[in-house]
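Engineer:
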Ligand SMILES: Cc1cc2nc3c(=O)[nH]c(=O)nc-3n(C[C@H](O)[C@H](O)[C@H](O)COP(=O)(O)OP(=O)(O)OC[C@H]3O[C@@H](n4cnc5c(N)ncnc54)[C@H](O)[C@@H]3O)c2cc1C
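Next comes the structure, spelled out in structure tokens:
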């Protein structure tokens, strides 16, 4: 029995595990090599409801809890991190801000399209001059009569090419700095129109696309290569007033809250990667013989894997605990940062060890561990670097030391 999971989570985990093994595992190496977005399997996941796992049924989601979503991301990452980040970024970054901060009308307009997986969503915070210090946003929104005029460049945006609905931040009152940042929803057509129309997923022609919003350069990345990462360009975009998400000036605080949930997702993805790497290393060292023995029989080998398995359990518990707190409506910003920090660094250690234990073949694409190692690195960067997680944790520590109550809102990125 798992302390944070019930039978329904374990059954769901088995379902996702089987799908990942049977449908995703055979496709992942070629998708990675070609840096190709996995539309076919995304469609299959959408049909299963997995693009809206923790979204209430009344908005088109599965109505499950965050732990269900977390175990799904973990299981996908065990086989392929690109599929896992697609589900994770779409759900926590693309859909949840509209659900959490939108009006009822905005929720009804956009969330069902996202939760049913008819289109993909994303979140545009990072800019050339605003990364770890996301309050430095230069994207500017100026009100002009019945609309906002928004101009700026967002970079490294997951799904900026393939997706259609995005929440972005823009400065509406520079004199108020971070408190002058507001969120907006913008829509643009997917760059894969032919493919999505043929598949019947990924494009909603009925969406009111925002004039002046388009995808920019596609990144050629080290890892997460089958995940879509591009610039999102706002070129004097004409954004209707009813696309403003939440109150003016609350965009930054709301994005920080969104990132807390996103970090639990990246922690789960990292645990999945580490688990996948452990399993590859176990399999290989139990078969490969050197010096007249299986590699596994050398204590220098099995001690390292025993240590790794122990760390993975610790990371998993940190992650499930953060998701449990979220499911129970309790503050989880500190736990999310701890889980993300620990698990992303663990994923890097685990995948590097797996490559080492496989020796020369580990360094080739005959085995998945080199892809896992490349995929693990970005877990220490995206949704707040490891250094940023340490800042967040340190601020919580200082507050605790000062005897302040657990803060109800999240810390900066
Ligand atoms: C594949 C991928 C997908 C992404 N998806 C999205 C997305 O969907 N939406 C989005 O908005 N963003 C996205 N990002 C952006 C990501 O969140 C940023 O890259 C990240 O927050 C770091 O910002 P930066 O790259 O500007 O690095 P910088 O902020 O320039 O940091 C560079 C280095 O300096 C360190 N550093 C910075 N400040 C300090 C300090 N005070 N003390 C110590 N060290 C410090 C950092 O930790 C890092 O090691 C994505 C990035 C990647 C690579």
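In the numbering used here, the protein residues as written are 422 to 834. All C-beta atoms in this analysis are idealised placements derived from N, C-alpha and C, irrespective of residue type, glycine included.
Decide if the stretch 588 to 603 is in contact with the stretch 466 to 481; the criterion is three or more beta carbon pairs, one per stretch, under 8 Å apart.
Structural biologist: When Cβ pairs closer than 8 Å are counted between the two stretches, the stretch 588 to 603 is seen not to touch the stretch 466 to 481, the count staying below three.
Engineer: Please report the distance separating the alpha-carbon of residue 562 from that of residue 572.
Structural biologist: 7 Å
Engineer: Please give me, in chain order, every unbroken run of the beta strand (DSSP E) with length at least 3 that falls completely inside the stretch 624 to 710.
Structural biologist: 634 to 639 and 650 to 661
Engineer: When the distance is taken between beta carbons, is residue 666 closer than 8 Å to residue 518?
Structural biologist: A contact, by the Cβ cut-off of 8 Å.
Engineer: Report the option in 725, 689, 732 and 606 whose CA atom is closest to the CA atom of residue 506.
Structural biologist: Looking at 725, 689, 732 and 606, the one whose alpha-carbon comes closest to that of residue 506 is 689.
Engineer: Among 501, 807 and 431, which one has its Cα closest to the Cα of residue 485?
Structural biologist: 431
Engineer: My assumption, with CB atoms under 8 Å, is that residue 445 sits in contact with residue 504. Please give the rounded CB distance.
Structural biologist: 5 Å
Engineer: Beta-carbon within less than 8 Å of residue 636's beta-carbon, same chain only, minus the 5 sequence neighbours each way: which residues are those?
Structural biologist: 581, 582, 609, 612, 651, 652, 653 and 654
Engineer: Closest to residue 554 by C-alpha separation, out of 527, 673 and 728, would be which residue?
Structural biologist: For residue 554, the closest alpha carbon among the candidates 527, 673 and 728 is that of 673.
Engineer: Do residue 679 and residue 544 have their C-beta atoms closer together than 8 Å?
Structural biologist: Yes, they are a contact pair.
Engineer: Provide the residue span of the beta strand (DSSP E) that contains residue 562, from first to last.
Structural biologist: 561 to 565
Engineer: Considering residue 606, what are the terminal residues of the beta strand (DSSP E) in which it resides?
Structural biologist: 602 to 608
Engineer: Apart from the five residues on each side of it in sequence, which residues of its chain come closer than 7 Å, Cβ to Cβ, to residue 829?
Structural biologist: In this predicted model, residue 829 has a pLDDT of only 39, less than 50, meaning its place in the structure is not dependable; the value taken from the coordinates is given anyway. Closer than 7 Å at Cβ, skipping near neighbours: 752.
Engineer: Does the beta-carbon distance from residue 548 to residue 574 come in below 8 Å?
Structural biologist: yes
Engineer: Ligand 1: which residues have Cβ under 6 Å from any of its heavy atoms, chain order?
Structural biologist: 510, 514, 543, 544, 545, 546, 547, 552, 553, 577, 578, 579, 642, 645, 650, 799, 802, 803, 804, 805, 806, 808 and 809
Engineer: Residue 812 lies in the alpha helix (DSSP H); which residues open and close that run?
Structural biologist: 807 to 822
Engineer: Ignore the nearest five residues each way along the sequence and tell me which others in residue 803's own chain have a CB closer than 7 Å to its CB.
Structural biologist: 687
Engineer: Restricting to runs no shorter than 4 residues, where is the alpha helix (DSSP H) found entirely within the stretch 504 to 564?
Structural biologist: The stretch 504 to 564 is shown to contain whole alpha helix (DSSP H) runs of 4 or more residues at 517 to 522 and 525 to 536, in chain order.
Engineer: Between the C-alpha atoms of residue 640 and residue 797, what's the straight-line distance to the nearest angstrom?
Structural biologist: 17 Å
Engineer: Which same chain residues end up closer than 7 Å to residue 729 when comparing Cβ atoms and leaving out the 5 residues on each side of it in sequence?
Structural biologist: 699, 771 and 774
Engineer: Roughly how many whole angstroms lie between the Cα atoms of residue 816 and residue 745?
Structural biologist: 22 Å
Engineer: Determine the direct distance from the alpha carbon of residue 805 to that of residue 487, and round the result to whole angstroms.
Structural biologist: The alpha-carbon atoms of residue 487 and residue 805 are separated by roughly 20 Å.
Engineer: Rounded C-beta distance between residue 658 and residue 607? I'm assuming under 8 Å.
Structural biologist: 6 Å
Engineer: How should residue 459 be labelled, buried or exposed, when 16 other C-beta atoms within 10 angstroms of its C-beta is the threshold for buried?
Structural biologist: Residue 459 should be labelled buried.
Engineer: For the beta strand (DSSP E) holding residue 590, just list the boundary residues, first then last.
Structural biologist: 586 to 592
Engineer: My output table needs one value for residue 577: the three-state DSSP class, helix, strand or coil.
Structural biologist: strand
Engineer: Determine the direct distance from the alpha carbon of residue 785 to that of residue 669, and round the result to whole angstroms.
Structural biologist: Computed Cα separation, rounded: 51 Å.
Engineer: Counting pairs of beta carbons, one from the stretch 528 to 546 and one from the stretch 617 to 626, are three or more of them closer than 8 Å?
Structural biologist: With the cut-off at 8 Å, the stretch 528 to 546 and the stretch 617 to 626 touch.
Engineer: Between which residues of its own chain and residue 456 is the CB-CB distance below 6 Å, once the five residues before and five after are set aside?
Structural biologist: Within the same chain, residue 456 has close Cβ partners 646.
Engineer: Give the DSSP-derived three-state secondary structure of residue 568 in the structure shown.
Structural biologist: strand
Engineer: List the DSSP bridge partners of residue 714.
Structural biologist: 711
Engineer: Measuring straight from C-alpha to C-alpha, what distance separates residue 533 and residue 481?
Structural biologist: 5 Å
Engineer: Under a three-way DSSP split, which group does residue 799 fall into?
Structural biologist: helix
Engineer: Along the chain, where does the alpha helix (DSSP H) containing residue 481 start, and where does it finish?
Structural biologist: DSSP places residue 481 in no alpha helix (DSSP H); its state is neither H nor E.
Engineer: Under 8 Å between the Cβ atoms of residue 437 and residue 693?
Structural biologist: no
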